[in-house]
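Below: the structure, in structure tokens.
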Amino acid sequence: MTAEILQSFPEGGVAIVLGASGGIGAAVLAAVKASDRFAAVLGYHRRSVPALELTDEASIVAIADQVKAFGQPLRLVFDATGVLQGEGAAPEKSWRQLDAAQLARAFAVNAIGPALLMKHFLPLLDRDGKAVFATLSAKVGSIGDNHLGGWYGYRASKAALNQFVRTAAVELARQRPKAICVALHPGTVDTGLSAPHAKTGLDVRTPEAAAASLVAVLDRLSAAENGGFLDYRGAPLPW
Ligand SMILES: NC(=O)c1ccc[n+]([C@@H]2O[C@H](COP(=O)([O-])OP(=O)(O)OC[C@H]3O[C@@H](n4cnc5c(N)ncnc54)[C@H](OP(=O)(O)O)[C@@H]3O)[C@@H](O)[C@H]2O)c1
3 MTAEILQSFP
13 EGGVAIVLGA
23 SGGIGAAVLA
33 AVKASDRFAA
43 VLGYHRRSVP
53 ALELTDEASI
63 VAIADQVKAF
73 GQPLRLVFDA
83 TGVLQGEGAA
93 PEKSWRQLDA
103 AQLARAFAVN
113 AIGPALLMKH
123 FLPLLDRDGK
133 AVFATLSAKV
143 GSIGDNHLGG
153 WYGYRASKAA
163 LNQFVRTAAV
173 ELARQRPKAI
183 CVALHPGTVD
193 TGLSAPHAKT
203 GLDVRTPEAA
213 AASLVAVLDR
223 LSAAENGGFL
233 DYRGAPLPW
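The C-terminal position of the sequence shown is numbered 241 in the numbering used here, with every residue numbered one higher than the one before it.
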């Protein structure tokens with residue numbers, strides 16, 4: 003059954019979801035597939051063929067090559083990858099817990115990996131009509147909104163991601179004025195990433211509910227929002 007969503011995108015073309023094995027990524031892939039808008043909807047993750055490993059640029063190139071081979075305009079790239087903490091490590095509560103290897107891991111996956119996705123996918127976005135690159139950031143990556151502290155590596159790597167989005171959006175506007183590059187905050191969502199830190203009292207939503215609201219934001223996006231940092235309702239967040 004097809005759903006009347008994503009109708010603001012021109013009909014046809016390719017949509018891809020990166021990190022499609024994750025809680026939010028799998029739900030967004032299902033939501034985009036439920037739309038009749040795109041000729042092909044593809045999901046990639048660390049066990050797909052080709053596989054996506056953010057710390058291996060060649061894996062990103064292989065996916066970009068597969069997308070190009072479709073010979074159809076690239077309309078939507080949704081990046082749902084990310085890590086809160088490395089293997090066996092908890093997010094830092096104090097500067098005493100800062101660890102160079104863990105920080106490097108957070109930056110590699112949360113900031114540098116998505117920057118390389120921008121390098122290889124922004125040039126493939128169609129020049130005619132709406133095309134979107136959206137990456138999942140997090141409200142805790144906001145510097146202006148940081149009143150609680152803690153989670154140093156996650157916060158800092160998401161702030162770096164936001165700066166990559168903003169910088170790439172400026173270049174994108176020059177080359178593809180109708181295309182849009184944004185960072186999105188999905189809200190608190192019940193996934194493997196958030197589960198160890200779920201606190202009662204927080205508004206925790208299902209991946210399906212989060213995906214429905216994120217897809218609605220994608221549908222409402224216009225070129226005026228290129229370079230934005232928006233929450234799952236489409237409201238701008240402070241940098
Ligand atoms: N859940 C929340 O409450 C929440 C709140 C704010 C922001 N976010 C953001 O939303 C995004 C998705 O989070 P989620 O909750 O859906 O988490 P998740 O279920 O843990 O999914 C994370 C995804 O990232 C992939 N990934 C991790 N390291 C990777 C690497 N080196 N190369 C390629 N892919 C890699 C995972 O692949 P594997 O399956 O192979 O591990 C998985 O597909 C993240 O950026 C997160 O920071 C989530």
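Idealized CB from N, CA, C, for every residue including glycine.
Model, not experiment: these values are computed from the prediction.
V111 CB to nearest heavy atom of ligand 1 below 6 Å: yes
Go ahead and pull the three-state DSSP assignment for Y156. helix
Comparing the C-beta of I18 with each C-beta of chain D, is any distance below 7 Å? Of the chains in the structure shown, none is chain D; there is only one protein chain.
Could you check if S139 is buried or exposed, using at least 16 other CB atoms within 10 Å of its CB as the buried criterion? buried
Ligand 1 heavy atoms versus the CB of S23: any closer than 6 Å? yes
Hey, out of E55, G152 and G236, whose CA is closest to A110's CA? E55
Among residues of its own chain, excluding the 5 on either side of E94, which ones have a beta-carbon nearer than 7 Å to its beta-carbon? L100, G152, W153, Y154 and G155
Buried or exposed for Q104, please, with buried defined as at least 16 other CB atoms from any protein chain shown within 10 angstroms of its CB. buried
Report the start-end ranges of each beta strand (DSSP E) in the segment 115-175 that is 3 residues or longer and not cut off at the edges. 133-138
Measure the CB-CB distance between C183 and A162 and report whether it falls below 7 Å. no
Is the Cβ-Cβ distance between P52 and A66 less than 7 Å? no
Measuring alpha carbon to alpha carbon, tell me which of V206, P240 and G88 ends up nearest I26. V206
Using CA atoms only, rank isn't needed, just tell me which of A91, A29 and L124 is closest to D192. A29
Own chain residues within Cβ distance below 7 Å of G230, not counting five before or after: V184 and P238
Residue from M120, H199, V134 and T190 whose Cα sits closest to the Cα of Q165: M120
Extent of the continuous beta strand (DSSP E) to which A211 belongs: Element bounds for A211: not the beta strand (DSSP E) but the alpha helix (DSSP H), P209 to R222.
My guess is that S61 and A113 are in contact by the Cβ rule of under 8 Å, so how many angstroms apart are they, rounded? 17 Å between Cβ atoms; not a contact.
At a cut-off of 6 Å, would you count V184 as near ligand 1, judging by its Cβ distance to the nearest heavy atom? no
Between the alpha carbons of K243 and H187, how many angstroms are there, rounded? Here the chain has residues from 3 to 241 only, and residue 243 is not among them.
DSSP beta-bridge partners of P238: L232
Do the CB positions of V43 and A5 come within less than 7 Å of each other? no
Which residue wins for smallest C-alpha separation from G84, given the options R48, L76, P75 and L78? R48
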